[in-house]
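Shown next, in structure tokens, is the structure this report addresses.
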Amino acid sequence: MDDCKRMQNMIVPFELDKLSLHDEEIFIEHLSTCQDCREEFEIHYIVAYGLEDDDNIVPTKPEYKRLLDSYDFTGLVDLKIRNSMKKIRAIKKQNKYNRFVWLACNSCMLVTFIVFIIIKYY
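Start counting the sequence shown at 6; every next residue gets the next number (our numbering).
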């Protein structure tokens, strides 16, 4: 139950894209398994957008706007979760690539240093 409370407190930071990658991943995994928290996330959209008469709230992506205009909050939550999972996978893939490049550069520098030492002293 404490875990659900913690996840529900992450809804607004998730919406504002203020969660760390690790926290966002935990949040998404929890929403995938906990129907109560998923419903709480839908309620957040109902309150934030469904009951709001102000037209100043403009979603960033057209697919979000389409779902909000049709009041399909379940679809919106599903789309947000899918997009977040794609983003997490892309970032992890980029991080792996960056680590590989870093390792390759360091290896080249080490080999260069060893060759320099061999040439200079032998």
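All C-beta atoms, glycine included, are put in the ideal place defined by N, C-alpha and C.
> What number of angstroms, rounded off, separates the C-alpha of L81 from the C-alpha of L108?
Replying inline: Taking the sequence shown and counting its residues from 1, the one referred to as residue 81 is at position 76. Taking the sequence shown and counting its residues from 1, the one referred to as residue 108 is at position 103. Distance from the CA atom of L81 to the CA atom of L108, rounded to whole angstroms, is 40 Å.
> With a Cβ-Cβ cutoff of 8 Å, do I51 and F78 count as a contact?
Replying inline: To locate residue 51, count along the sequence shown from 1; it is residue 46. To locate residue 78, count along the sequence shown from 1; it is residue 73. Cβ atoms of I51 and F78: closer than 8 Å.
> Which whole-angstrom value describes the C-beta separation of L72 and L84, a residue pair presumed to lie in contact below a C-beta threshold of 8 Å?
Replying inline: Here the question's residue 72 lines up with position 67 in the sequence shown. Here the question's residue 84 lines up with position 79 in the sequence shown. Between L72 and L84 a beta carbon distance of about 6 Å is seen, short of the 8 Å cut, so the two are scored as contacting.
> Where L26 and F118 are concerned, what is the direct C-alpha to C-alpha distance, given to the nearest angstrom?
Replying inline: Here residue 26 refers to the residue found at position 21 when the sequence shown is read from its first residue. Here residue 118 refers to the residue found at position 113 when the sequence shown is read from its first residue. Going by the C-alpha atoms only, they are around 37 Å apart.
>> The alpha helix (DSSP H) that contains M114, what's its start and end?
In response: Looking up residue 114 in the sequence shown gives position 109. F78 to Y126 is the span of the alpha helix (DSSP H), which, as asked, contains M114.
>> So, at 6 Å on beta carbons, what are the nonlocal neighbours of I48 in its own chain, with the 5 sequence-adjacent residues on each side left out?
In response: As a working note, residue 48 is residue 43 in the sequence shown. If we look at I48 and ignore the five residues flanking it on each side, it has no Cβ neighbours.
> Anyone know if the C-beta pair for I93 and E44 falls short of 8 Å?
Replying inline: The residue labelled residue 93 in the question sits at position 88 within the sequence shown. The residue labelled residue 44 in the question sits at position 39 within the sequence shown. Taking a C-beta distance under 8 Å as the contact criterion, I93 and E44 do not qualify as a contact pair.
> Ends of the alpha helix (DSSP H) at C9?
Replying inline: Counting from 1 along the sequence shown, the entry for residue 9 is found at position 4. It spans D7 to Q13 - the alpha helix (DSSP H) in which C9 sits, taken as one unbroken run.
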